[in-house]
Every structure is written in C-alpha cells, then in structure tokens.
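Read left to right, the sequence shown gives residues 105 to 271 (the working numbering).
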Amino acid sequence: MTRVADPNQVEGAETAPFYERIALEAMSPSQWESLCDGCGRCCLIRLEDDETGATLETCVACKLLDPATGRCSDYANRFARVPGCLQMTPERARRLSWLPETCGYRLVARGEPLPDWHPLRCGDPDRVHEVGVGVAGQVVSERDVHDDDLELFVTDRLDDGDFGGGA
Ligand code: SF4
Numbered sequence: 105m106t107r108v109a110d111p112n113q114v115e116g117a118e119t120a121p122f123y124e125r126i127a128l129e130a131m132s133p134s135q136w137e138s139l140c141d142g143c144g145r146c147c148l149i150r151l152e153d154d155e156t157g158a159t160l161e162t163c164v165a166c167k168l169l170d171p172a173t174g175r176c177s178d179y180a181n182r183f184a185r186v187p188g189c190l191q192m193t194p195e196r197a198r199r200l201s202w203l204p205e206t207c208g209y210r211l212v213a214r215g216e217p218l219p220d221w222h223p224l225r226c227g228d229p230d231r232v233h234e235v236g237v238g239v240a241g242q243v244v245s246e247r248d249v250h251d252d253d254l255e256l257f258v259t260d261r262l263d264d265g266d267f268g269g270g271a
C-alpha cells in the first residue's frame, strides 16, 4: 500500500531559493543577472594607495553610470564603450577583493544570505538605494572630475563593512 499524500503539504513549498541551491556555474543567464542588487558600486572609480597597496573607493562613477539613478546608461554596450568594464563571472565573484561586502555575487559566492533589501528578497529594485547601499544620488560622474582631483573623492566605504539593511 502507498501512503496518501497530505493535501496540506504543498510540493516544493520548503524549497530554498535558487541562489541557495544552484551552483554559480549552473545558473541560467537570467538567474545570474538577478544576483546583482543594482547598487552600482562596482562602477565607481577605485584608487590604489601607493604605500599600502590598499584599494580605495571614490564617489566618482564611470562615465556611463547615471548618478541620479545609479544605473548604467548603456548596459548593452558597456564593454565596447568602457574597455575596463568587467564581465562578472563566478571566478571573479569569488576572487575580487574590492567588491563591496554587500555585492550579491560576492555574498552568494561565499554562501552567505542575501540581505532583506536585495531585489530577489524584497522585489523592489529601488530599495537598494533607499537603504543607502546603492549609489543613486550619492556620486558624481567622471565626466565632471579631472583625473588629478580623484584623490579628493576617496571614501572609506570599502572599509567600514556596514551598509544599512543587513541580512
Ligand atoms: S557591486 Fe555587485 S551587486 Fe553592486 S552593481 Fe556591482 S555587481 Fe551588482
């Protein structure tokens, strides 16, 4: 005899979200893209401290980033227009030490939970900016800053490790 299934048990209801079940390399393109929280912080110009070798984040953004929205203004063509723009890969998500601690790729690569403001958890792509993690309204474009002045725009965000919200 076979036990009759409990009608109150919805199949799959206890299943963890895809980013906790599927290896980075096995995700579909849309799943992979959705790991990005849209903060825009990987689009900020970083400087290297000549004495310590430390990476310093500035509040100066790539020429393609819209400072008001925190979004890339030409996402489809970003690699052609900005030679230094990096395609995120599983290997880079694991290795790049300058990614912000809140970066969705970095968190999932480390097996850490996504914060409650992440679009995959709250469903709101603007929340990342509302909680102060995203760069919208907080940065200037490199179009408006001379290279010699970049040091004036260094922030300490990479080091403080606490960007609102939390898991
Ligand atoms: S830092 Fe990470 S989460 Fe933020 S925009 Fe870049 S890839 Fe996306």
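Virtual Cβ for every residue (Gly too), placed ideally from N, Cα, C.
Per DSSP, arginine 196 lies in no beta strand (DSSP E); the unbroken alpha helix (DSSP H) holding it starts and ends at 194–199. Residues of the same chain with a CB within less than 7 Å of the CB of aspartate 178, apart from the 5 flanking positions on each side, are Leu168, Arg185 in chain order. For arginine 150, no alpha helix (DSSP H) run applies; the uninterrupted beta strand (DSSP E) run containing it begins and ends at 148–152, by DSSP. Exclusion of the five residues before and after valine 243 leaves Cys163, Ala165, Pro171 as the residues of its chain whose Cβ lies within less than 6 Å of its Cβ. About 14 Å separates the beta carbons of tryptophan 202 and threonine 156, which is beyond the 8 Å limit, so they are not a contact pair. Membership of leucine 211 in the alpha helix (DSSP H) is indicated by the continuous run 208–213. Alanine 197 sits buried, since 16 or more C-beta atoms from the chains shown fall within 10 Å of its C-beta. Residue selection by CB proximity (closer than 6 Å to any heavy atom of the ligand SF4) returns Cys140, Asp141, Gly142, Cys143, Gly144, Arg145, Cys146, Met192, Leu203, Pro204, Cys207, Gly208, Tyr209 in chain order.
Between arginine 145 and proline 204, the C-beta gap is smaller than 7 Å, which places the two residues in contact.
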